[in-house]
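Asker: In our numbering, the protein residues as written are 366 to 1238.
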């Protein structure tokens, strides 16, 4: 039996259903499901994602697909008694993309397809409006030329602006039928001049070219960028939906809108959206005209609004999730064009999940799964300090919450370039388009002059968790000269502004931002997540303040405390340099014991902040040359401060210089050659622990020895550690338990983990260094070429961001298995940056680690991701 590539829907029944998203795409599955539910949907058919995948491979349609499409088109003609290409009562269709998951605006759409110089007259006759017919024709030429023929949308906009200026009108709806006819003629002339051939009049050629364009748009740059940012597989492909056109631009009894069944920014249970009278859908989402709030539709079309309310409640109850819907009203008749699970901010995701659980729509597990771990960062986004006094020069729509400060840029390319250099930028545009996706991702926030709460800028920013202010009409932006005027002030590129996506305010200065706190519904969702997760979640923290922050976010201990960070504080660095410059062990010890009180003080603060929870402290890891200045000028200053000749300092710097310090004299190698360094640190740790223990603070120190590659290294350093620790505990007469373990960050350590486990109470996988040493990549230098590797799909993503499961991950798996074969029940964790990455956390769950450790602000992410790892398995 031949494969079926086309699925029809109409006349109250559909060949597909809502659970066929992988085959029909989200839009096609939604149209089929709504048809089966009895919701008013214009009839049409869906060409499957499998057809797209085959098209990409073959460069042509798979066998039988086009013939199936033509049969479905005949069925569509009979369904609504119109003829495709007919001169009297022509059938027009929309051709729209539809991936498995929502990719708003990333792929192409063609509306009003089927118009030519003959069918437009038939449409004028049957509709009774020549203006409407030619308005639809000019829209079709512009969209088809942009999407299919490659003539920029803006070329046609310039023609429209000139005609409006000559007629002295402000908006498109003020142009009459003669103006629309004139636009059609000018548009056709523009196409002929650009391409050297006439605009295609054969409607079947129009359809074929449009289907081709939608298939091809799966691989346009903006779609590829969106997929990369949202981890959507390239091999999925898009479906194509061919649907009978219904017209929102037939006059004041027609219109179009986009709405959400709950507020996508706040999660409040309110019907939220926008509409335009006498318009088509693209007018709303493209931000060309600023729409009206959906509540006003009740006054304009009360019967339609009542029907729309009934439909949206039915859809939300059916899908048990907040829906993003598109609709058109033609001559007071409502038609639904799309329903899908709506994109929402993290704040809204939490509220909707919590409320739907309370309403009995979903269970606790579903509520936890409804909040994506990748969204949680949004909840930790900065906001303007309430104590700050500032003047807002303009106010737009609060399209995506949070606040952002940055330098103004006017193009997506500039945003990407400046952000790559570490600059914080605000992308300012008249309106964003799908081509801006890279710059939107790079920016701290987005500000647009036009568009509404459902415009491209708003929807994409919410999905990214970016602060966004949209539709700020007070802005006069000149993108060519890279300037904007607002409140009689000119703002140029690189000027600093602040935007508040929670209120819509625009402020022409830097305003102080503060970090938010977890509370309310989100705290409850995290509590539920804790019920399901199996992995422990610790934090990487080096100070009492970071420790307290992490504990507030639910950290269950410290998985990595880097002691070297403490060496750089205040005048401690002088004692460190004195130790490095010392000629013998006695000199080194003398300098080290100047540092010990500071280290001890730090540990006391951390132990108190983490009372009752384990604290894993890594002994000195970096090479000594990092503590010595590099420039001659700095060396002169340091030598003078230390009271040593500058030549001696320079000679020592030269002596410590290494060709590859990451693989050099660092980590446990320092402890082997200069045991007095590690002895001092162990004294500081255990003395601090004994003192807080005497105060009644429950303390659980875990001493971690870095960069072990051979079991003998750990054996020697464990003996030194135990000797010092036991001596201190006896001296204090304290009842103190401690552990000694190691970081597994070298391939040899993972491969010989059974031998190393003999001397270890725990393993912590340092996946930053393990990634470097496995790939032979420098984390600091590889950024220059890693993007090319990802672009060429050598690596699916940056291995320093998400763990390379088949290489580095395999070493972790070996390390866990061999380690536990050497010591039954060995505790294992991960403390690299991967500890806060959701995909890496799923992997940690799979290989049976006991805990992950991440930066304080990633702790809530890890708690939720750990629950997802269990629930999605």
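Cβ coordinates follow ideal geometry from the N, Cα and C atoms, glycine included.
Applying the criterion that 16 or more other CB atoms from any shown protein chain within 10 Å of the CB defines a buried residue, is residue 766 buried or exposed?
Answerer: Mapped onto the chain shown, residue 766 falls at position 401. With 16 or more other Cβ atoms within 10 Å, it is buried.
Asker: Rounded to the nearest angstrom, what separates residue 1198 and residue 724 at their Cα positions?
Answerer: Sequence index remark: in the chain shown, residue 1198 carries index 833 (1-based). Sequence index remark: in the chain shown, residue 724 carries index 359 (1-based). Residue 1198 and residue 724 have their C-alpha atoms roughly 38 Å apart.
Asker: What does the alpha-carbon distance come out to for the pair residue 990 and residue 1179?
Answerer: Your numbering for residue 990 matches position 625 in the chain shown. Your numbering for residue 1179 matches position 814 in the chain shown. The alpha-carbon separation between residue 990 and residue 1179 amounts to approximately 34 Å.
Asker: Are the beta-carbon atoms of residue 645 and residue 612 separated by less than 9 Å?
Answerer: On the chain shown, position 280 is the one that residue 645 refers to. On the chain shown, position 247 is the one that residue 612 refers to. It is a contact, given that the beta carbons lie within the stated cut-off.
Asker: Write down the C-beta distance between residue 1050 and residue 1068 rounded to the nearest angstrom, noting that I regard them as a contact closer than 8 Å.
Answerer: Residue mapping note: residue 1050 aligns to position 685 of the chain shown, counting from 1. Residue mapping note: residue 1068 aligns to position 703 of the chain shown, counting from 1. Between residue 1068 and residue 1050 the Cβ distance is about 6 Å, and since that is below 8 Å, they are a contact.
Asker: Are residue 749 and residue 876 touching if we call contact CB-CB under 9 Å?
Answerer: As a first step, residue 749 must be located in the chain shown, where it is residue number 384. As a first step, residue 876 must be located in the chain shown, where it is residue number 511. It is a contact, given that the beta carbons lie within the stated cut-off.
Asker: Between which two residues does the beta strand (DSSP E) harbouring residue 1105 extend?
Answerer: Position 740 of the chain shown, counting from 1, holds the residue named residue 1105. Run containing residue 1105: 1104-1109, per the beta strand (DSSP E) assignment.
Asker: Kindly provide the ranges of any beta strand (DSSP E) runs that are 3 or more residues long and lie completely inside the segment 778-836, ordered along the chain.
Answerer: 790-794, 810-813 and 832-835
Asker: Is the CB-CB distance between residue 865 and residue 832 below 9 Å?
Answerer: Taking the first residue of the chain shown as 1, we reach residue 865 at position 500. Taking the first residue of the chain shown as 1, we reach residue 832 at position 467. Yes, they are a contact pair.
Asker: Between residue 677 and the rest of its own chain, which residues show a CB-CB distance below 8 Å, the 5 nearest in sequence each way excluded?
Answerer: In the chain shown, the residue the question calls residue 677 occupies position 312. Cβ neighbours of residue 677 beyond the five flanking positions: 624, 626, 636, 688 and 690.
Asker: Considering Cα atoms alone, identify which of 703, 389 and 467 is closest to residue 709.
Answerer: Residue mapping note: residue 709 aligns to position 344 of the chain shown, counting from 1. Taking only the C-alpha atoms, the option nearest residue 709 is 467.
Asker: Given that a residue counts as buried once 16 or more other Cβ atoms are within 10 Å of its Cβ, and exposed if not, what is residue 1241?
Answerer: Summary: the structure shown does not reach residue 1241, with the chain confined to residues 366 through 1238, and so no result is reported for it.
Asker: When you compare only the Cα positions, how much space is there between residue 666 and residue 434?
Answerer: Position 301 of the chain shown, counted from the start, is the residue given in the question as residue 666. Position 69 of the chain shown, counted from the start, is the residue given in the question as residue 434. Answer to the nearest angstrom: the Cα atoms are 36 Å apart.
Asker: Would you tell me roughly how many angstroms separate the C-alpha atoms of residue 905 and residue 1217, rounded to the nearest one?
Answerer: In the chain shown, counting from the first residue as 1, residue 905 sits at position 540. In the chain shown, counting from the first residue as 1, residue 1217 sits at position 852. Taken atom to atom, the span from the alpha-carbon of residue 905 to that of residue 1217 is near 10 Å.
Asker: Count the other CB atoms within 10 Å of the CB of residue 1166; is the residue buried (16 or more) or exposed (fewer)?
Answerer: Within the chain shown, the letter at position 801 stands for residue 1166. So residue 1166 counts as exposed.
Asker: Going by C-alpha distance, which of 1175, 423 and 768 is nearest residue 869?
Answerer: If you number the chain shown from 1, residue 869 lands on position 504. Closest by alpha carbon: 768.
Asker: With a threshold of 8 Å, are at least 3 pairs of Cβ atoms found where one atom belongs to the segment 482-489 and the other to the segment 515-530?
Answerer: Fewer than three pairs of CB atoms, one per stretch, sit closer than 8 Å, so the segment 482-489 makes no contact with the segment 515-530.
Asker: Here's a check: name, in chain order, each residue in its chain whose Cβ is nearer than 7 Å to the Cβ of residue 544, leaving out the five neighbours to either side.
Answerer: Walking along the chain shown from the start, residue 544 turns up at place 179. Here the set comprises 528 and 532.
Asker: By the DSSP assignment, the beta strand (DSSP E) with residue 861 in it spans what residues?
Answerer: Position 496 of the chain shown holds residue 861. Here the beta strand (DSSP E) through residue 861 covers 861-865.
Asker: What's the gap between the Cα of residue 500 and the Cα of residue 542?
Answerer: Here residue 500 corresponds to residue number 135 of the chain shown, with the count starting at 1. Here residue 542 corresponds to residue number 177 of the chain shown, with the count starting at 1. Going from the Cα of residue 500 to the Cα of residue 542 covers about 8 Å.
Asker: For a minimum of 4 consecutive residues, which ranges assigned as the alpha helix (DSSP H) are wholly contained in the segment 729-778?
Answerer: 729-735 and 741-744
Asker: Less than 9 Å separating the beta-carbons of residue 607 and residue 438?
Answerer: Your numbering for residue 607 matches position 242 in the chain shown. Your numbering for residue 438 matches position 73 in the chain shown. In this structure, residue 438 lies closer than 9 Å to residue 607 by Cβ.
Asker: Just grab the DSSP bridge partners of residue 372 for me.
Answerer: Within the chain shown, residue 372 is the residue found at index 7, counting from 1. DSSP lists 411 as partners of residue 372.
Asker: Rounded to whole angstroms, what is the Cα-Cα separation between residue 1240 and residue 1111?
Answerer: In the structure as shown, the chain begins at 366 and stops at 1238. Residue 1240 is therefore absent and cannot be evaluated.
Asker: Starting from the C-beta of residue 429, find all residues in its chain whose C-beta is less than 8 Å away, skip the five residues before and the five after it, and write them out in chain order.
Answerer: The sequence position of residue 429 within the chain shown is 64, counting from 1. The answer, listed in chain order, is 367, 368 and 370.
Asker: Considering residue 678, what are the terminal residues of the alpha helix (DSSP H) in which it resides?
Answerer: What you label residue 678 is simply residue 313 of the chain shown in a count that begins at 1. Segment 667-684, the alpha helix (DSSP H) holding residue 678.
Asker: Between 1047, 741 and 812, which has its C-alpha nearest residue 1088's C-alpha?
Answerer: What you label residue 1088 is simply residue 723 of the chain shown in a count that begins at 1. The option with the nearest alpha carbon to residue 1088 is 1047.
Asker: Quick one: grab the DSSP three-state call for residue 393.
Answerer: Indexing the chain shown from 1 puts residue 393 at position 28. If DSSP states are grouped into helix, strand and coil, residue 393 belongs with the helices.
Asker: The beta strand (DSSP E) with residue 1129 in it runs from where to where?
Answerer: Taking the chain shown and counting its residues from 1, the one referred to as residue 1129 is at position 764. Run containing residue 1129: 1127-1130, per the beta strand (DSSP E) assignment.
Asker: With respect to the alpha helix (DSSP H) encompassing residue 973, which residues constitute its N-terminal and C-terminal limits?
Answerer: On the chain shown, residue 973 is found 608 positions in, with the first residue counted as 1. Taken as a continuous stretch (DSSP letters only), the alpha helix (DSSP H) holding residue 973 covers 950-974.
Asker: Is it buried or exposed, residue 518, if we count other Cβ atoms within 10 angstroms and call 16 or more buried?
Answerer: Taking the chain shown and counting its residues from 1, one reaches residue 518 at position 153. With fewer than 16 other Cβ atoms within 10 Å, it is exposed.
Asker: Thinking just about the alpha-carbon of each residue, which of 387, 1061 and 809 is nearest to the one in residue 333?
Answerer: Here the chain covers residues 366 to 1238 and nothing more, so residue 333 does not appear.
Asker: Starting from residue 1208, trace the beta strand (DSSP E) in both directions and tell me its first and last residue.
Answerer: In the chain shown, counting from the first residue as 1, residue 1208 sits at position 843. Unbroken run through residue 1208 is the alpha helix (DSSP H), 1203-1212; no beta strand (DSSP E).
Asker: Just the C-alpha distance for residue 674 and residue 454, rounded to the nearest angstrom, thanks.
Answerer: Counted from its first residue, the chain shown places residue 674 at position 309. Counted from its first residue, the chain shown places residue 454 at position 89. So the alpha carbons of these two residues sit roughly 32 Å apart.
Asker: Should residue 1153 be labelled buried (16 or more other beta-carbon atoms within 10 Å of its own) or exposed?
Answerer: As a first step, residue 1153 must be located in the chain shown, where it is residue number 788. It counts as exposed.
Asker: Buried or exposed for residue 1025, please, with buried defined as at least 16 other CB atoms from any protein chain shown within 10 angstroms of its CB.
Answerer: To locate residue 1025, count along the chain shown from 1; it is residue 660. Classification for residue 1025: exposed.
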